[in-house]
Amino acid sequence: CSRLHNRPTASQTLLLANMYQSPDAGFHGGVDQHGNIQQSDPRKLQEHFEDFYEDIFEELSKYGEIENLNVCDNLADHMIGNVYVKFREEEHAAAALNALSGRFYAGRPIILDFSPVTDFREATCR
Amino acid sequence: PSRDRRRKTSGFDMAPPGATAVPGAAIPGQIPGMPPAMPGVF
C-alpha cells in the first residue's frame, strides 16, 4: 500500500499486523508436514478461523471490553491476516499494546500498534 | 459436540523454533540475563 496512514499516538483500535495465517497461505503453501497437498475443506478453514478468532478474543478480553474484532482472512499480500481490535476504552487498547508487545503468537512475533480505524465499514484502503 | 473439546491450545507465547530471545522465558541451565558460558574465554 502506497498510501500514508497516520499512526495515532493513542486510539481505541489496535492493529495486529499479519497475525492470521490461513492454512492455504503462509509458509507451508498448503502442504502438510508429510508433503501432501492439503485440500482446503471449507469447514476446516472455517474451524481454523474460528479457533484463531476465539484465541485472539480471549486473550484481548483480558485487557478490556472489546467493541469490535475484525480479522482479515484474505490471501492477497495487502493487509494479509491483519487483526483489528477496537476496545471500548483507549486505556484498554494501550494496556493490550503494552502487554502484547514483544510476545509471540504461533511462532511469530506479534507486531501491533495503534490504528486510526474506528469504523470498519469505512475502513477501505483505496 | 462441544467446541471446547476440539479447541486447540492458545497460540499466544508460542515462540518460534530455536528462538533465544524470548522475554522472560527461562532457558534451562542458564541464569536469565546472563550470557552463555564460554569456556576458555575471559
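Here the protein sequences come in this chain order: A and B.
Heads up: the first sequence is residues 3 to 128, going by this note's numbering.
Heads up: the second sequence is residues -15 to 26, going by this note's numbering.
Every residue gets a Cβ at the ideal spot worked out from N, C-alpha and C, and that includes glycine.
For a contact meaning CB atoms closer than 7 Å, what does residue i contact in chain A?
i	result
residue -5 of chain B	57, 107 and 108
Could you please give the first and the last residue of the uninterrupted beta strand (DSSP E) stretch that includes residue i?
i	result
residue 117 of chain A	114 to 117
residue 22 of chain A	No beta strand (DSSP E) contains residue 22 of chain A, which DSSP labels as neither H nor E.
residue 122 of chain A	It is not in any beta strand (DSSP E) - residue 122 of chain A carries neither H nor E in the DSSP assignment.
residue -4 of chain B	Per DSSP, residue -4 of chain B belongs to no beta strand (DSSP E) and is neither H nor E.
Between which two residues does the alpha helix (DSSP H) containing residue i stretch?
i	result
residue 68 of chain A	That residue, residue 68 of chain A, is in no alpha helix (DSSP H); its beta strand (DSSP E) goes 68 to 73.
residue 55 of chain A	44 to 63
residue 99 of chain A	92 to 102
For residue i, does the count of other Cβ atoms within 10 angstroms reach 16, so buried, or fall short, so exposed?
i	result
residue 62 of chain A	buried
residue 23 of chain A	buried
residue 114 of chain A	buried
residue 108 of chain A	buried
residue 16 of chain A	buried
residue 94 of chain A	buried
When the cut-off is 9 Å and only beta carbons count, does residue i lie next to chain B?
i	result
residue 61 of chain A	yes
Against chain C, with Cβ distances strictly below 9 Å, would residue i count as a contact?
i	result
residue 0 of chain B	Looking at the structure shown, chain C is missing, and the protein chains on hand are A and B.
(request) Report yes or no: do three or more beta-carbon pairs, one from the stretch 80 to 91 of chain A and one from the stretch 52 to 66 of chain A, lie closer than 8 Å? (result) yes
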